[in-house]
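The next block holds one structure in the form of structure tokens; read it before the comments.
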Amino acid sequence: MRIMQWRVPPYDNGTYIVIDDRRDALVIDPAMGERKIIDAVKEHGLRLVEILNTHGHPDHIYGNAAVKEATKARLAIHRLDEYRLGPKAPPSVQFRVPASEADDLFEEGPLRFVADVEITALHTPGHTEGSTCFHFAREDVLFSGDVIFKGNTGRWDLPGGDREQMERSLERVMTLPPHTKIYPGHGAVTTIGEELPTLRSLREAGVLPGLRV
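Residues in the sequence shown are numbered from 233 upward in steps of one, following our numbering.
Written as structure tokens, this is what we have:
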């Protein structure tokens with residue numbers, strides 16, 4: 233398995249392409265990097281099978297429609313965040329998001345969109361209702377969306393957010409092996425082990441008072 237990654241302006245979003253040995257590929261969160269994704273698919277001769285959204289916030293889904301149109305890939309999101317792709321989404325004050333429609337809805341468990349790549353969807357609410365991390369256990373890789381970043385966690389004060397749910401989701405993520413590499417929704421790559429002290433500091437400061445790590 234190979235990972236291509238970009239940090240996309242203006243919100244420093246992480247957008248990723250995961251590629252198997254047969255050049256079948258997945259995109260995780262196109263963000264506002266649709267041109268980078270489309271160009272990479274063409275340049276490397278990839279067959280883009282599926283677009284996976286970690287959650288439905290505008291900065292993560294902005295490129296869905298363009299990537300779908302250009303590559304004919306399908307789009308998948310947790311069923312609880314599907315409404316965020318269309319007109320029922322909370323209004324975005326920053327920018328208008330091109331509408332996209334989900335082809336596949338998931339909840340929890342194995343996702344086999346690419347035959348040679350084993351993915352587990354971990355439903356990790358707190359940032360949004362359907363927030364999901366994608367765990368590649370064989371490779372010890374986690375795409376964490378806006379659940380956990382290098383030195384911080386995702387917000388829970390936006391519509392659909394919930395601090396107690398975020399605490400339970402962070403506890404779940406922290407049960408993964410310490411060497412698990414985290415590819416976050418914003419910022420630099422980190423590991424589970426590196427972020428444990430961060431979470432304990434947030435608990436001690438009263439930011440996440442119910443967190444048990």
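Glycine is no exception: its CB is placed at the ideal position from the N, C-alpha and C atoms.
Outcome for residue 407 when other beta-carbon atoms lying within 10 angstroms are tallied against a minimum of 16 = As a position in the sequence shown, residue 407 is number 175, starting the count at 1. Label assigned to residue 407: exposed.
Which residues does DSSP pair with residue 319 in a beta bridge?
-> Taking the first residue of the sequence shown as position 1, residue 319 is located at position 87. Note: residue 319 sits in no beta bridge, so no partner.
How do the stretch 398-418 and the stretch 374-386 stand: do at least 3 beta-carbon pairs fall below 8 Å, yes or no?
-> yes
Just mark residue 401 as buried or exposed, buried being the case when its beta carbon has 16 or more other beta carbons within 10 Å.
-> As a working note, residue 401 is residue 169 in the sequence shown. Counting Cβ neighbours within 10 Å, residue 401 comes out buried, since at least 16 surround it.
Rounded distance between the beta-carbons of residue 248 and residue 291, thought under 8 Å | For the purposes of this step, residue 291 is taken as the residue at position 59 of the sequence shown. For the purposes of this step, residue 248 is taken as the residue at position 16 of the sequence shown. At roughly 15 Å, the Cβ-Cβ gap does not stay under 8 Å, so residue 291 and residue 248 are not in contact.
Sort 440, 293 and 279 by Cα distance to residue 250 and report the nearest one.
-> Taking the first residue of the sequence shown as 1, we reach residue 250 at position 18. Ranking the options by Cα distance to residue 250, first place goes to 279.
Is residue 399 near residue 438, with beta carbons less than 8 Å apart?
-> Taking the first residue of the sequence shown as 1, we reach residue 399 at position 167. Taking the first residue of the sequence shown as 1, we reach residue 438 at position 206. The answer is no: Cβ separation not under 8 Å.
Residue 315 versus residue 321: straight-line alpha-carbon distance, rounded = Along the sequence shown, one-based indexing puts residue 315 at 83. Along the sequence shown, one-based indexing puts residue 321 at 89. Going from the Cα of residue 315 to the Cα of residue 321 covers about 6 Å.
Using only alpha-carbon positions, find the residue among 360, 341 and 414 that is nearest to residue 351.
-> Residue mapping note: residue 351 aligns to position 119 of the sequence shown, counting from 1. Residue 341 is the option with its Cα nearest to residue 351.
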